[in-house]
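Reviewing the structure listed below.
Have a look at this one:
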């Protein structure tokens, strides 16, 4: 569809219309726009897209036209109050500057001055090469996705390469670090959550399988009051995170638990 | 599927798995294909693979949990020298992932990535599963049905814990630096 | 040591190691024996091993840190069904950053940002360092002494490459013949 419109550029249609009225060739449903913005890796990527879409030559970009289209995207994004990275605005300023320099009549003395587009073109080319290189890299066969190391079990009565020994303190130090980094310590609710509840959550999920399970079967009186509380908290936590659901046919009938399907 | 192709696929799976494969698990390799080989067909191909190994450094073994390729006993003296050099260590990434699974279980890989701010490679998960310190206890019912991981009994045993409760709470971790000189 | 025996030992070691083996490490397998095969002998046997793989599910591949047996790419669809975890996909941001480091190394974060036209999040750098695909090889002696990043052998191993020379070549740059009469 886009290709068809490129053959008959719908530019005249857009001119003069108030900004914010998305032109047809640019129309993207608002929901999709965030996705769309995320699809671009930055202003150079967006510019390259605009250029390629119209089969233009990077070496000879019609600056005025590209600037106009670029600005339409920017305005559209602003209109929808999408957070726009500063880089996009910087590029808009640069395009505007190049355009104005091209429009100004040049005194003969400055005839051999460099084309104001040159720097932009160089950057676009450089970025395009990297974009291709990234695609080529992604296409290389790689471990995990396309290849696996072949290995066989070690000989009888020989352990595999000895598994690394780990000191619990090392694990705790690692946790401290990651929590500090994520600033998880500031979340109040985590402090109070007893780990036994987490453990019980795993156990409940594990024994649920695909069947119904009677609610009371999770409670083991021999664990005492504390055990019952832990189980209840675990069930509530699982309910809250929508991993299980409770069912009861009629009031006072047995309550059943099952995994959310 | 012709036998030659089937043989290649089984050989590949056995060499990639690094653990014994049961016949059921081998059948799952063909999930979604028109023709899933039956146990009889699998056994026939495994027999062919086994006899081809006669000239190789490994043999096909059937153990309780399935089949695996195993290096011949006679080659043990040389293979042993492979591990002599370096005592292995786990990376910080593995330890952090393990700690997060212990404290936030049941938890998905995506949730671990959110907290760590770094993507977690499948190898890390595989290493911890192979060590039998974590396992899949379910799936979160969101698009992609990501696996939920939890720690195992073996994890508690290794670290000599009766239950997860014996791990310090996060607040304790924060307030008291982990004491390096703590007696064992 | 006769060649047949040497071949069996190398085959065993390569299948037991779970990581690429360098020629040096292969030689260490014979430490203490009267006769340690030289590199030439090892290469000869490796070539024989490689050609015997033609009919098998795996191939012998030389990557940056040594030799490994690896499952053929054509069998990946079946092998991948062994694992619950899908192999990770990498975002364009990560791939472009990695490509820039691979092709322009050593390079600073600022230089990467200049070429990509956007800022590079620290998560991307952290992920690449954690995967051990890149590392800091020095600092540029300018204000702030920014770190210089380069790729590692593990990067080459992962992407099935022996050296940076094997990276796909960059597309040619066309010369900028400025058109003086830009229509407007």
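Chains as they are written, first to last, in my numbering: chain G, 1 to 261; chain B, 1001 to 1184; chain W, 2001 to 2184. Virtual Cβ for every residue (Gly too), placed ideally from N, Cα, C.
- prompt: For the alpha helix (DSSP H) that contains residue 1011 (chain B), what are its first and last residues?
  reply: 1003 to 1017
task: Using 10 angstroms around the beta-carbon of residue 246 (chain G), count the other beta-carbons present and answer buried if the total reaches 16, otherwise exposed.
output: exposed
query: Taking Cβ-Cβ distances below 8 Å as the criterion, which residues of the segment 1117 to 1150 of chain B are in contact with chain W?
result: 1117, 1118, 1119, 1121, 1122, 1125, 1126, 1136 and 1147
query: Listed in chain order, which residues of the segment 1052 to 1079 of chain B have Cβ atoms closer than 8 Å to some Cβ of chain W?
result: 1056, 1057, 1058, 1069, 1071, 1072, 1075, 1078 and 1079
- prompt: With a cut-off of 7 Å, does the C-beta of residue 1037 (chain B) fall near any C-beta of chain G?
  reply: no
Residue 2136 (chain W) classed as buried or exposed, judged by whether at least 16 other C-beta atoms fall within 10 angstroms: exposed
Closer than 8 Å at the beta carbon, the chain B residues around residue 260 (chain G): 1141
field: Neighbourhood of residue 8 (chain G) by C-beta, 7 Å cutoff - its chain only, sequence neighbours within 5 removed
entry: Unreliable positioning characterises residue 8 (chain G) in this predicted model, as indicated by a pLDDT of 35, which lies under 50. A coordinate reading is not provided.
- prompt: Among the residues of its own chain, which have a CB less than 7 Å from the CB of residue 2022 (chain W), if the five just before and after it don't count?
  reply: 2065 and 2066
task: Locate the alpha helix (DSSP H) running through residue 1079 (chain B), then write down its first and last residues.
output: 1076 to 1084
- request: Say whether chain W places a C-beta atom closer than 7 Å to the C-beta of residue 1034 (chain B).
  value: no
- prompt: Does the segment 67 to 78 of chain G touch the segment 93 to 108 of chain G, meaning 3 or more C-beta pairs lie closer than 8 Å?
  reply: yes
query: Could you give the distance in angstroms between the alpha-carbon of residue 1950 (chain W) and the alpha-carbon of residue 138 (chain G)?
result: Chain W is shown from 2001 up to 2184; residue 1950 (chain W) falls before or after that span and cannot be answered.
task: Grab me the residues of residue 2145 (chain W)'s own chain with a C-beta within less than 6 Å of its C-beta, minus the 5 sequence neighbours each way, in chain order.
output: 2139
task: List the residues of chain G whose Cβ lies closer than 7 Å to the Cβ of residue 1089 (chain B), in chain order.
output: 164
- prompt: So, is residue 242 (chain G) buried or exposed, given that buried needs 16 or more other C-beta atoms within 10 angstroms?
  reply: exposed
field: Residue nearest to residue 2120 (chain W) in terms of C-alpha spacing, selected from W:2165, W:2074, W:2097 and W:2134
entry: W:2097
- prompt: Mapping DSSP to helix, strand and coil, what is residue 213 (chain G)?
  reply: strand
query: In chain W, which residues lie less than 8 Å from residue 1093 (chain B) when you measure between Cβ atoms?
result: 2130
Residue closest to residue 1031 (chain B), alpha-carbon to alpha-carbon, out of W:2078, W:2101 and W:2063: W:2078
query: So, is residue 1160 (chain B) buried or exposed, given that buried needs 16 or more other C-beta atoms within 10 angstroms?
result: exposed
- prompt: Between the C-alpha atoms of residue 2107 (chain W) and residue 1063 (chain B), what's the straight-line distance to the nearest angstrom?
  reply: 52 Å
- prompt: Is there a Cβ from chain B that is less than 7 Å from the Cβ of residue 141 (chain G)?
  reply: no
- prompt: In this structure, what does DSSP give as the bridge partners for residue 2070 (chain W)?
  reply: G:149 and W:2059
message: One question on the structure: do residue 215 (chain G) and residue 257 (chain G) come within less than 7 Å of each other, judged by their Cβ atoms?
response: yes
- prompt: According to the Cβ coordinates, are residue 2018 (chain W) and residue 1075 (chain B) closer than 7 Å?
  reply: no
message: Quick test of your reading: residue 1219 (chain B) and residue 1132 (chain B), contact by CB under 8 Å. State the CB separation rounded to the nearest angstrom.
response: The structure shown does not extend to residue 1219 (chain B), since chain B spans only 1001 to 1184, so no value can be given for it.
message: Threshold first: 4 residues or longer. Then list the alpha helix (DSSP H) segments lying entirely within the segment 1089 to 1138 of chain B, N to C.
response: 1092 to 1104, 1109 to 1116 and 1122 to 1130
Identity of the residues DSSP links to residue 1021 (chain B) by a beta bridge: B:1067
Where residue 21 (chain G) falls, given that 16 or more other Cβ within 10 Å makes a residue buried: Note that residue 21 (chain G) has pLDDT 44, beneath the 50 cutoff, so the model's placement of it is unreliable and the number below is only indicative. It counts as exposed.
task: Identify which residue in G:56, G:58, G:124 and G:234 has its Cα closest to the Cα of residue 198 (chain G).
output: G:234
Burial state of residue 2020 (chain W), where buried means 16 or more other Cβ atoms lie within 10 Å: buried
- prompt: If we call anything under 7 Å between Cβ atoms a contact, is residue 1009 (chain B) one with residue 152 (chain G)?
  reply: no
- request: Kindly indicate which residue of G:84, G:116, G:89 and G:90 has the alpha-carbon position closest to the one of residue 101 (chain G).
  value: G:116
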